[in-house]
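Q: Before we start, here is the structure in question, set down as structure tokens.
2 protein chains.
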Amino acid sequence: MGAIRNQIREMRAQREITQQELADRVGVTRQTVIAIEQDKYSPSLETAFKVAMVLGVPLEQCFQYDPRGKR
Amino acid sequence: MGAIRNQIREMRAQREITQQELADRVGVTRQTVIAIEQDKYSPSLETAFKVAMVLGVPLEQCFQYDPRGKR
DNA sequence: CTCCAATGTCAAAAATATTTGACATCAGTG
DNA sequence: CACTGATGTCAAATATTTTTGACATTGGAG
């Protein structure tokens, strides 16, 4: 469901990291990165933590929960 | 798998909330609460956000990621 | 002691996330 | 133009999370 937003794409751009690179560093597939960037579903907490860690920011800086949002 | 810790049980105790109550307010099953409290698996980001919200704290205050932890 | 609420366990089914693989598009480069 | 890297899409298989339901244990209250 889509009540979570994220700034991964933007952050990735700023850092000039490719989807593939991020995926590799996080330890998931490029498909997963794509799905997350496009809010296709909400990732596991562990994956989210890893992404934030690779991007070097606290989790809440790349993922936000808005109860009242579809997308 | 289990690289994530949480203080849900403690926070629940402080607030004198029951597993069932937390589950209801979060919108999941008691089983899910139990599983999370016991680190049986890492919940979805959405569930984690809701739990934090119900407990009235930022996500990172009830869930911590420690890359080097089995549990 | 009896009863009840809260917690825990087990296992199977259902739902959701993640992987794998194949292929399409688009922009830039030689 | 031909080629390549980055992104996107689709679908099926696999893995993980969540639900459902049934039952055990413990501690407190009446």
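Read top to bottom, the protein sequences are chains X and F.
Taken in order, the first sequence gives residues -9 to 61; the numbers are from this note's numbering.
Taken in order, the second sequence gives residues -9 to 61; the numbers are from this note's numbering.
Cβ atoms here follow ideal geometry from the backbone N, Cα and C, with glycine treated the same way.
1. Using 8 Å as the Cβ pair cut-off and three pairs as the minimum, do the stretch 22 to 32 of chain F and the stretch -5 to 4 of chain F touch?
2. Indicate the three-state DSSP secondary structure (helix, strand or coil) for X/Gln(-3) in the structure shown.
3. What is the DSSP secondary structure of X/Gln21, counted as helix, strand or coil?
4. What are the residues of the stretch -7 to 26 of chain F that lie near chain X, defined by any Cβ-Cβ distance shorter than 8 Å?
5. List the residues that DSSP assigns as beta-bridge partners of X/Ser34.
6. Looking only at its chain, what residues have a beta carbon closer than 7 Å to the beta carbon of F/Gln10, apart from the 5 residues adjacent to it on each side?
7. Per DSSP, which residues does F/Gln54 bridge with? Please list them.
8. Using a Cβ-Cβ cut-off of less than 8 Å, give me the residues of the stretch 46 to 60 of chain F that come near chain X, in sequence order.
9. Along the chain, where does the alpha helix (DSSP H) containing X/Val16 start, and where does it finish?
10. For F/Gly17, which of F/Pro48, F/Val44 and F/Tyr55 has the nearest alpha-carbon?
11. When DSSP labels each residue in this structure, what does X/Gln28 get in the three-state scheme?
A: Concretely, from the data shown:
1. yes
2. coil
3. helix
4. Ala(-7) and Ile(-6)
5. F/Ser34
6. Arg20
7. F/Arg(-5)
8. Pro48, Leu49, Glu50, Phe53, Tyr55 and Pro57
9. Gln9 to Val16
10. F/Val44
11. coil
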